[in-house]
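Since the structure comes first, as structure tokens, the remarks are kept for the end.
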Ligand code: ATR
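Numbering (this note's numbering), first residue to last: 16 to 290.
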């Protein structure tokens, strides 16, 4: 085994991942000269072999991204509470011949929220979760842990039902024609759908005319930094946040699991990443 401490992100596509830039920033800040973080293209078809091979090659741990988080959950020998609840793993740690799986997306989302937003817009308040795909699980769990009154809208209703079941959270499932009335009661809306990722694509799930002026609007999308969803919110002078801080905070939690150091998340890093 080499003396290098090797980590990586695996997934497909992984080419444009910002994770190496984040971890390398912290390696430099903490003078961790023997640490590396790569990106490795891995799909469903070679997932299990890739994990075993990287484990044998002496990697300390891996981040796992789309579409492998459920497979990483299945592959783990031991799981954190958040991984058990989301049935998804984004952080693997190879230790004592075993694979430990954690889900730092949940804590990443929670830590990305200003405390004032948690206290005034989420805790005991009506919150709307848009989407029921892979990235919605951690958000649902976080909102549930933060004691929100959760409503979920997804184009395919059945997936929203399954999402609640998977995470074991309580929430109301909204139909399309119930959205307008509900948004008038909500203080927090988070978009977890992929709508707006493609250039020119419009996220028209919410009619912003009905949204209250004190509602906090969050989009998991960070590229583009001003998504279609946030653009509409800004036009109505609403407070908004994109997914970049969550990305950095989930990375920080993974960094701590692997290296035992809680890295600094500051403006310098956010600016480097294009905030
Ligand atoms: P991810 O891992 O990014 O969550 P996903 O599991 O494919 O990817 O989920 C994509 C999410 O975006 C889903 O909630 C999806 O809604 P459906 O479950 O109905 O497919 C949502 N989404 C994608 N394109 C959409 C569109 N054109 N209109 C409404 N919702 C859309």
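Glycine included, C-beta positions come from ideal geometry on N, C-alpha and C. Remember, predicted model here, so these are calculated numbers, not experimental data.
Roughly how many angstroms separate the alpha carbons of residue i and residue j, rounded to a whole number?
| i | j | result |
| --- | --- | --- |
| residue 200 | residue 50 | 48 Å |
| residue 135 | residue 158 | 13 Å |
| residue 71 | residue 266 | 24 Å |
| residue 271 | residue 289 | 23 Å |
| residue 143 | residue 56 | 34 Å |
| residue 37 | residue 284 | 8 Å |
| residue 112 | residue 75 | 11 Å |
| residue 257 | residue 152 | 17 Å |
| residue 193 | residue 207 | 19 Å |
| residue 216 | residue 240 | 14 Å |
| residue 165 | residue 220 | 17 Å |
| residue 25 | residue 33 | 12 Å |
| residue 187 | residue 176 | 9 Å |
| residue 130 | residue 261 | 14 Å |
| residue 304 | residue 28 | Residue 304 lies beyond the residue range present for the chain, which begins at 16 and ends at 290; the question has no answer from this structure. |
| residue 149 | residue 212 | 15 Å |
| residue 300 | residue 77 | Outside the shown range of the chain (16 to 290) lies residue 300, about which nothing can therefore be said. |
| residue 227 | residue 248 | 10 Å |
| residue 238 | residue 68 | 32 Å |
Report buried or exposed for residue i, applying the criterion of at least 16 other Cβ atoms within 10 angstroms of its Cβ.
| i | result |
| --- | --- |
| residue 264 | buried |
| residue 269 | buried |
| residue 274 | buried |
| residue 84 | buried |
| residue 140 | buried |
| residue 195 | exposed |
| residue 117 | buried |
What residue does the alpha helix (DSSP H) around residue i start on, and which one ends it?
| i | result |
| --- | --- |
| residue 100 | 96 to 101 |
| residue 250 | 243 to 250 |
| residue 195 | 194 to 198 |
| residue 178 | 172 to 182 |
| residue 260 | 259 to 274 |
| residue 88 | 84 to 90 |
| residue 39 | 34 to 44 |
| residue 284 | 282 to 287 |
Kindly indicate the opening and closing residues of the beta strand (DSSP E) around residue i.
| i | result |
| --- | --- |
| residue 66 | Careful: residue 66 lies outside any beta strand (DSSP E), inside the alpha helix (DSSP H) at 62 to 71. |
| residue 256 | 254 to 256 |
| residue 79 | 76 to 79 |
| residue 233 | 231 to 234 |
| residue 206 | 203 to 206 |
Quiz item: What residue ranges within the stretch 109 to 167 form continuous beta strand (DSSP E) runs of no fewer than 3 residues, ordered along the chain?
Solution: Segments of the beta strand (DSSP E) lying fully in the stretch 109 to 167: 113 to 117 and 141 to 145.
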